[in-house]
Amino acid sequence: MSANKVRYPGPGCLVEYMQGNSPVQAIVVEEQGGKLRLYGINHRESTLQANRLLPWSGPTIAGGASPLSRSRMDEALEEHRALRAAIASEVSPLEVWELTQGEVGKTSAEWLAGLVWEQPGIDHEAALGHVLLTAKT
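According to numbering that gives the first Met the number 0, the sequence shown is numbered sequentially starting from 0.
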């Protein structure tokens, strides 16, 4: 399993979902009955069904005993956005396809990240997901 990956995102967890044709990062502020209240990289809050999340969630941003401040959430979102963009710039979707030799019909981003890196973290998995989503056409 990718380091820092979260199976069931709760408050403080960095998540991604699709809006248009692009993945959007957000931090879970509150979870209630399958609905998430999110603080997005666009500095706005929104609600979203948990089933709309992309299959990589994490890491959880620590806020101590109190809820995360907006400035801390902004810092974390920007930090992971930049890290994921840097990782994604080093990945060739065609090389990933060659590694699978075209024989894999359906698999997880976690499994594919394991082909590219020895010990992938959640940022590696998300970056690979971004690259493959961009190259889907």
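Think of the CB as a built atom: it goes at the ideal place given N, C-alpha and C, for glycine as much as any other residue.
Please report the distance separating the alpha-carbon of S56 from that of S91.
23 Å
Is it buried or exposed for G128, if we count other Cβ within 10 angstroms and need 16 for buried?
buried
With DSSP as the reference, identify every bridge partner of A25, one or two as the case may be.
V14 and G39
Given 8 Å, three or more beta-carbon pairs between the segment 69 to 83 and the segment 35 to 48
yes
Measure the Cβ-Cβ separation of L82 and I26 and say whether it is below 9 Å.
no
Suppose the cutoff is 7 Å on Cβ atoms and the five residues either side in sequence are ignored; what does the same chain contact list for I86 look like?
D122, H123 and A126
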